[in-house]
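>
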Amino acid sequence: MTREKVKKILASEFSIILILVVLCLVVTIVTPLFASPTNMVSVLQRTATTGILAIGMTFVIATGGIDLSVGGQVTIIGIISALCFSAGLSIPVVILIAVATGIAIGACNGLMISKLNFPPFMVTLAMQLVTYGIALYITSGRQFPIVAEGFDFFGLGKLGEVPTPIWIFAAVTVVAILLMKRFTIGRRILAVGSNAKGAWYSGISIAKTTIVAYVIAGITSAISSVILSSKLMSASATLGEGLELDAIAAVVIGGTSLSGGNGYIIGAVAGALIIEVISNWMTLQNVNPFLRDVAKGAIILLALLLDNVRRGKLAKNEMAA
Numbered sequence: 000m001t002r003e004k005v006k007k008i009l010a011s012e013f014s015i016i017l018i019l020v021v022l023c024l025v026v027t028i029v030t031p032l033f034a035s036p037t038n039m040v041s042v043l044q045r046t047a048t049t050g051i052l053a054i055g056m057t058f059v060i061a062t063g064g065i066d067l068s069v070g071g072q073v074t075i076i077g078i079i080s081a082l083c084f085s086a087g088l089s090i091p092v093v094i095l096i097a098v099a100t101g102i103a104i105g106a107c108n109g110l111m112i113s114k115l116n117f118p119p120f121m122v123t124l125a126m127q128l129v130t131y132g133i134a135l136y137i138t139s140g141r142q143f144p145i146v147a148e149g150f151d152f153f154g155l156g157k158l159g160e161v162p163t164p165i166w167i168f169a170a171v172t173v174v175a176i177l178l179m180k181r182f183t184i185g186r187r188i189l190a191v192g193s194n195a196k197g198a199w200y201s202g203i204s205i206a207k208t209t210i211v212a213y214v215i216a217g218i219t220s221a222i223s224s225v226i227l228s229s230k231l232m233s234a235s236a237t238l239g240e241g242l243e244l245d246a247i248a249a250v251v252i253g254g255t256s257l258s259g260g261n262g263y264i265i266g267a268v269a270g271a272l273i274i275e276v277i278s279n280w281m282t283l284q285n286v287n288p289f290l291r292d293v294a295k296g297a298i299i300l301l302a303l304l305l306d307n308v309r310r311g312k313l314a315k316n317e318m319a320a
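Mapping of the sequence shown onto numbering that gives the first Met the number 0: position 71 corresponds to residue 70, and the numbering continues sequentially without gaps.
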């Protein structure tokens, strides 16, 4: 990686971190309760689910794709986990099944996109409908309680004084940064998103790289599902509803372009934190829940606008060169 590229990455990720810091300072001035240690830990804990999904989504969007099925994956994996526990399976086995389910769904998405040349938007939208449909069929709209001693550790437990979800979030972030910046797969994903034809000519398998990206998103969906279902100790057909939009917004706010070719893990984490900070502030201010949805929609539109501006600047720079 050239010095020029390193500077570009640092500049992009530094800017989003700076925005996050300024936002936290402003919110603290307006609502001092926000800066209390208990609330700050709560914000980090609540960000874990969306943040982990955003990390997986970064790999997908970096290829030039998108995954609208991650919310459905969280839902169906949670329900499968609940059914496995009711069948008497142990926690390690259930977690393995959860991850395997995420891998299978991700691989299915990747195969249809790379081998059949179906549009990522349509494939993952269809998978979203399939997963939510199966979830509704299995549950009939009911909530499935999870009865498994010790499973709540992943959502409500602590290691030392730090909640388990924060540790998991941090671990996933570190692994993702290494994958994106230090391993061959990260470079291949960025190459495919930047110029698929050029990547193919250089010997990169477009199909394998695409499948791996969607499998990573499937794995992060499984991890998020485990955290969320263990926190609630139940699963329902609405477990992961709307999480895909939060994840996409976090990724785009974090500097990753929807057209692919770049992928900022730290940016995605900061983007997820920005969304949660705003949501938390609105909760502290007792803002109407419907207005929170309006704010979330506005954030997504802002993220799209920022992406459009960034792409416009990039196009101008390329023309000037």
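Each residue gets a CB set at the ideal place from its N, CA and C atoms; glycine is no exception.
Comparing C-alpha positions only, which one of S256, L22, A206 sits nearest to R187?
Looking up residue 187 in the sequence shown gives position 188. R187 has its Cα closest to that of A206, out of S256, L22, A206.
> For T183, which of A134, G132, A212 has the nearest alpha-carbon?
The residue labelled residue 183 in the question sits at position 184 within the sequence shown. Ranking the options by Cα distance to T183, first place goes to A212.
> Can you tell which of P164, I265, L305 has the C-alpha that lies nearest to the C-alpha of T172?
Locating residue 172 in the sequence shown gives position 173, where the first residue counts as 1. If we check each option's Cα against that of T172, I265 comes out closest.
> Taking only the alpha-carbon atoms, compute the straight-line gap between T282 and F289 and give it to the nearest angstrom.
For this step, residue 282 is matched to residue 283 along the sequence shown. For this step, residue 289 is matched to residue 290 along the sequence shown. Roughly 12 Å between the two C-alpha positions.
> The alpha helix (DSSP H) spanning G132 covers which residue range?
Within the sequence shown, the letter at position 133 stands for residue 132. First-last of the alpha helix (DSSP H) with G132: 119-138.
> Could I get the ranges of all uninterrupted beta strand (DSSP E) runs contained in the segment 190-232, with 3 residues as the minimum, in chain order?
Those beta strand (DSSP E) runs which fall completely within the segment 190-232 and span 3+ residues do not exist here.
> Is the number of C-beta pairs between the segment 159-175 and the segment 109-117 that are closer than 8 Å three or more?
No, the segment 159-175 is not in contact with the segment 109-117.
> What is the DSSP secondary structure of V161, counted as helix, strand or coil?
Your numbering for residue 161 matches position 162 in the sequence shown. In the structure shown, V161 sits in a strand (DSSP, three-state: E or B).
> Can you give the Cα-Cα distance for T208 and V191, rounded to whole angstroms?
Here residue 208 corresponds to residue number 209 of the sequence shown, with the count starting at 1. Here residue 191 corresponds to residue number 192 of the sequence shown, with the count starting at 1. Roughly 8 Å separates the two Cα atoms.
> Among residues of its own chain, excluding the 5 on either side of W166, which ones have a beta-carbon nearer than 8 Å to its beta-carbon?
Within the sequence shown, the letter at position 167 stands for residue 166. Counting only Cβ-Cβ distances below 8 Å, and skipping sequence neighbours, we find L158.
> Quick check on the DSSP output: the alpha helix (DSSP H) that includes Q72 runs from which residue to which?
By one-based count along the sequence shown, residue 72 stands at place 73. 69-85 is the extent of the alpha helix (DSSP H) around Q72.
> Since A249 contacts D66 with CB under 8 Å, what's their CB separation in whole angstroms?
By 1-based counting over the sequence shown, the position of residue 249 is 250. By 1-based counting over the sequence shown, the position of residue 66 is 67. Contact flag wrong, Cβ pair sits at about 13 Å.
> Measure the alpha-carbon distance for A134 versus I78 and round it to whole angstroms.
Numbered from 1 along the sequence shown, position 135 holds the residue referred to as residue 134. Numbered from 1 along the sequence shown, position 79 holds the residue referred to as residue 78. Answer to the nearest angstrom: the Cα atoms are 7 Å apart.
> Can you tell me the Cβ-Cβ gap for I247 and M56, rounded? I've got them flagged as a contact below 8 Å.
By one-based count along the sequence shown, residue 247 stands at place 248. By one-based count along the sequence shown, residue 56 stands at place 57. Indeed they touch by this definition, with Cβ atoms about 6 Å apart.
> Contact between the segment 95-106 and the segment 67-77: three or more CB pairs below 8 Å?
Contact holds: three or more Cβ-Cβ distances are below 8 Å.
> Can you round the beta-carbon distance between F117 and G262 to whole angstroms, since I take them to be within the 8 Å contact cut?
Within the sequence shown, numbered from 1, the residue matching residue 117 stands at position 118. Within the sequence shown, numbered from 1, the residue matching residue 262 stands at position 263. Not really, about 22 Å apart at Cβ, beyond 8 Å.
> Cα separation between S228 and S258?
As a working mapping, residue 228 is identified with position 229 in the sequence shown. As a working mapping, residue 258 is identified with position 259 in the sequence shown. Straight-line Cα distance between these residues: approximately 33 Å.
> Under a Cβ-count criterion, where at least 16 other Cβ atoms within 10 Å of its own Cβ denotes burial, should P31 be classed as buried or exposed?
In the sequence shown, counting from the first residue as 1, residue 31 sits at position 32. P31 is exposed by the Cβ-count criterion.
> For the alpha helix (DSSP H) containing T237, list its first residue and its last residue.
Within the sequence shown, the letter at position 238 stands for residue 237. Taken as a continuous stretch (DSSP letters only), T237 belongs to no alpha helix (DSSP H), as it is neither H nor E.
> Per DSSP, P144 forms a beta bridge with which residues?
Position 145 of the sequence shown, counting from 1, holds the residue named residue 144. The partner list for P144 (beta bridge, DSSP) reads S233.
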